[in-house]
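2 protein chains.
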Amino acid sequence: MARRNDHSREQLRDLAIRSVLNIVDRDENAKVTTRSVAQGMGYTVGTLYLVFRNLDDLLLQVSSELLQRLYSDMRFAVKDEADPQATIFVLAMCYLALAEQYPGRWRLLARGSSTVGDNDELDKVVEAIFTLVETSLARLAPTRNSKEIAIAARALWSAIHGICVVSTSSHLHHRAYFDAKALTRTLIYTYLSGFMFGNIEPLTQPS
Amino acid sequence: MARRNDHSREQLRDLAIRSVLNIVDRDENAKVTTRSVAQGMGYTVGTLYLVFRNLDDLLLQVSSELLQRLYSDMRFAVKDEADPQATIFVLAMCYLALAEQYPGRWRLLARGSSTVGDNDELDKVVEAIFTLVETSLARLAPTRNSKEIAIAARALWSAIHGICVVSTSSHLHHRAYFDAKALTRTLIYTYLSGFMFGNIEPLTQPS
DNA sequence: TAACTTATTAAACATTGTTTAATTTGTCAA
DNA sequence: TTGACAAATTAAACAATGTTTAATAAGTTA
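Residue numbers (my numbering), protein chains in the order written: chain X, 1016 to 1222; chain D, 1016 to 1222.
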């Protein structure tokens, strides 16, 4: 059977990534297995190990790809003339849309990989997304310094991610107004209102 | 070898749960495997299946147990005379302390189980924790109605959880002021300040 | 003491990630 | 053209896992 040069390494990489997406799109709960991925691309397992160090490496690269697309969507959705509050809301909605329309893909992203800090591309795009949020925050609250902005962006984005995590894994979306979108909406506007007008320090110092 | 009645079902359950905690306490990255759990309790795998439906069921019961202890800690930490803002901060610190002191246990909690809504005990204690937060929020902002309070509690708690998730899995705790505690602190005080004084609705309606 | 019940185990099975040795295929020098 | 080398691809093996099953040992009771 052994074909040769039917596909280049790059093409194999693409085939593999597409196969993974195919699997999780068909069934968000499906286990992504080396054999199923290989079968999806018309090869056998061995070929996978020619292109990726292991399964985790492959899934990490898929995550990186997904985040890059998300970043793309975000860039496209942002209108420079829009007010920063609305912009941040739109950014969050891009994220929620991914989780809602492609739950399998989102679970791939949310799954904490055992091999962290191993993928430079991924780190870079995460930073880029944070920068997007930071830019809007800076326009929203010009008096805050860059460290405050950086912290706020990470706190806010982690929070939105947390809402996604909890609302998909649980236990508490039996009421409509507890869904991810409603919670995110509340979170953003409440948080931003505090960020603009409130004092970041506690009114009374906690012990 | 086969002993009989050395331990009751209840005792076996306890042994199993203790064994799991032992494993993740020794190494937060250790895989919890049926065989390792069984070995830790001085039995073989078969016995596990006498007490639990499967591994997931066991891990779910461990999570339930952990959440009940967390709830206990929270109840103990809350001082009725303290101001609500400080109380909410203390509640969050209980959660963060678990994640920091017992990262393995926390990962057990954070891991989204494939079998959800399958454990009534777990659902109950999650609700109880939310109620704790709601109580403080209600005292903080007496003008808000109960639906707003409920939403805020869930948004805020999901956010804290999200900070935990992101800060343990990543990528962005190379700077000290990005650690979970600092982010949580910022989040809570900013959010609460918005919740007390701000308008929940956007200042300008987003599209 | 013998039969019966049941706790416990050992062994089997299927599925997985990963490695290895074999095979097929293309390339290129003689 | 042919034959040897290199590389792509596979099939098969391996170890680790969750789960099931048949055997075995131990307590209980008539």
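Heads up, the beta-carbon is just placed ideally off N, CA and C, and yes, glycines get one too. Since the structure is predicted, the reported quantities are computational estimates derived from the model, not experimental observations.
- Give a yes or no on whether the minimum CB-CB distance between phenylalanine 1091 of chain D and chain X is below 8 Å. At a cut-off of 8 Å between beta-carbon atoms, phenylalanine 1091 of chain D makes no contact with chain X.
- Query: Quick one: does tyrosine 1064 of chain D have its CB under 8 Å from some CB of chain X?
  - Reply: Not one chain X Cβ lies under 8 Å of tyrosine 1064 of chain D.
- Message: So for histidine 1022 of chain D, helix, strand or coil by DSSP?
- Response: Assigned with DSSP and collapsed to three states, histidine 1022 of chain D falls in coil, not helix or strand.
- Task: Consider the Cβ of leucine 1202 of chain X: report whether some Cβ of chain D lies at a distance smaller than 8 Å.
- Result: At a cut-off of 8 Å between beta-carbon atoms, leucine 1202 of chain X makes contact with chain D.
- Query: Below 8 Å, can you find three or more Cβ-Cβ pairs linking the stretch 1138-1155 of chain D to the stretch 1091-1102 of chain D?
  - Reply: Three or more pairs of CB atoms, one per stretch, sit closer than 8 Å, so the stretch 1138-1155 of chain D contacts the stretch 1091-1102 of chain D.
- Message: Assuming serine 1208 of chain D and glycine 1209 of chain X are in contact, meaning their beta carbons sit under 8 Å apart, how far apart are those beta carbons, in whole angstroms?
- Response: Yes, serine 1208 of chain D and glycine 1209 of chain X are in contact; Cβ-Cβ is about 4 Å, under 8 Å.
- Inter-residue CB distance, leucine 1198 of chain X and isoleucine 1166 of chain D (contact presumed, cutoff 8 Å): The Cβ separation is near 7 Å, so the contact holds.
- Item | Own chain residues within Cβ distance below 8 Å of leucine 1123 of chain X, not counting five before or after | Once the five neighbours on either side are set aside, the close Cβ partners of leucine 1123 of chain X are Val1035, Val1039, Val1047, Leu1074, Val1077, Ser1078, Leu1081.
- Query: So, is alanine 1168 of chain X buried or exposed, given that buried needs 16 or more other C-beta atoms within 10 angstroms?
  - Reply: By the C-beta density criterion, alanine 1168 of chain X is buried, having at least 16 other C-beta atoms within 10 angstroms.
- Going along the chain, which residues of the stretch 1111-1124 of chain D sit with their C-beta nearer than 9 Å to a C-beta in chain X? With the criterion set as a beta carbon lying under 9 Å from some beta carbon of chain X, the members of the stretch 1111-1124 of chain D are Arg1122, in sequence order.
- Query: Taking Cβ-Cβ distances shorter than 9 Å, what residues in chain D pair up with valine 1180 of chain X?
  - Reply: Within chain D, the residues near valine 1180 of chain X are Ala1125, Gly1127, Ser1173, His1176, Gly1177, Val1180.
- Go ahead and label threonine 1158 of chain X buried or exposed: buried means 16 or more other beta carbons lie within 10 angstroms of its beta carbon, across all protein chains shown. Exposed: under 16 other Cβ atoms inside 10 Å.
- Taking isoleucine 1164 of chain X as the query, report the chain D residues whose CB atoms sit under 7 Å from its CB, ordered along the chain. Near isoleucine 1164 of chain X there are no residues of chain D at all, since even the closest Cβ is about 11 Å away, more than 7 Å.
- Query: Going straight from the alpha carbon of serine 1173 of chain X to that of methionine 1056 of chain X, what length do you get?
  - Reply: Whole-angstrom Cα-Cα distance: 35 Å.
- Item | Below-8 Å beta-carbon distance, tyrosine 1223 of chain D vs any chain X residue | Residue 1223 of chain D lies beyond the stretch modelled for chain D, which goes from 1016 to 1222, so this question has no answer here.
- Rank D/Ala1101, D/Arg1041, D/Asn1134, D/Trp1121 by C-alpha distance to the C-alpha of phenylalanine 1067 of chain D and give the top, closest one. Checking every option, the nearest Cα to that of phenylalanine 1067 of chain D belongs to D/Asn1134.
- So which of X/Thr1059, X/Leu1063, X/Ala1045 has the shortest CA-CA distance to glutamate 1025 of chain X? Distances from the alpha-carbon of glutamate 1025 of chain X to those of X/Thr1059, X/Leu1063, X/Ala1045 put X/Leu1063 closest.
- Which word fits valine 1060 of chain D, buried or exposed, when buried means at least 16 other C-beta atoms lie within 10 angstroms of its C-beta? It is exposed - the Cβ of valine 1060 of chain D has fewer than 16 other Cβ atoms within 10 Å.
- Contact residues within the stretch 1072-1104 of chain X, judged by C-beta distance below 8 Å to chain D: Residues passing the 8 Å Cβ filter: Asp1098, Gln1100, Ala1101, Phe1104.
- Message: For leucine 1155 of chain D, would you say it is in contact with chain X, using Cβ-to-Cβ distances shorter than 8 Å as the test?
- Response: When Cβ-Cβ separations below 8 Å define contact, leucine 1155 of chain D makes no contact with chain X.
- If we count the other Cβ atoms within 10 Å of its Cβ and call it buried at 16 or more, is glutamine 1116 of chain D buried or exposed? Sixteen is the threshold: since fewer than 16 other Cβ atoms of the shown chains lie within 10 Å of the Cβ of glutamine 1116 of chain D, the residue is exposed.
- Message: Beta-carbon within less than 8 Å of histidine 1022 of chain X's beta-carbon, same chain only, minus the 5 sequence neighbours each way: which residues are those?
- Response: Answer for histidine 1022 of chain X: Leu1030, listed in chain order.
- Message: According to DSSP, is tyrosine 1117 of chain D part of a helix, a strand, or is it coil?
- Response: Looking at tyrosine 1117 of chain D - three-state DSSP - the assignment turns out to be coil, as it is neither helix nor strand.
- Query: Comparing the C-beta of glycine 1055 of chain X with each C-beta of chain D, is any distance below 8 Å?
  - Reply: Not closer than 8 Å to any Cβ of chain D, the Cβ of glycine 1055 of chain X fails to qualify, so no.
- Query: According to the Cβ coordinates, are threonine 1102 of chain X and tyrosine 1206 of chain D closer than 8 Å?
  - Reply: No; because the gap between Cβ atoms is not below 8 Å, this pair is not in contact.
- Proximity winner among X/Thr1183, X/Phe1212, X/Leu1085, X/Ala1170, relative to leucine 1202 of chain X (alpha-carbon distances): The shortest C-alpha separation from leucine 1202 of chain X is found at X/Ala1170.
- Kindly list the residues whose CB is nearer than 8 Å to the CB of cysteine 1109 of chain X, restricted to its own chain and excluding five residues on each side of it in sequence; keep chain order. These residues qualify, in order along the chain: Leu1085, Asp1088, Met1089, Ala1092.
- So, is leucine 1111 of chain X buried or exposed, given that buried needs 16 or more other C-beta atoms within 10 angstroms? Per the 10 Å Cβ criterion, buried.
- Message: Taking only three categories from DSSP, how would you classify arginine 1068 of chain D?
- Response: Residue state for arginine 1068 of chain D is assigned as coil, using DSSP reduced to three classes.
- For glycine 989 of chain X and chain D, any beta-carbon pair shorter than 8 Å? Residue numbering for chain X in the displayed model covers 1016 to 1222; residue 989 of chain X lies beyond these limits and cannot be assessed.
- Query: Whose C-alpha, out of X/Asn1069, X/Arg1126, X/Ala1107, is nearest the C-alpha of alanine 1195 of chain X?
  - Reply: Per the Cα distances, X/Ala1107.
- For aspartate 1135 of chain X, does the three-state DSSP call read helix, strand or coil? Helix, per DSSP.
- Which residues in the same chain have their Cβ closer than 6 Å to the Cβ of alanine 1114 of chain X, if we skip the five residues on either side of it in sequence? The residues are Trp1121, Cys1179.
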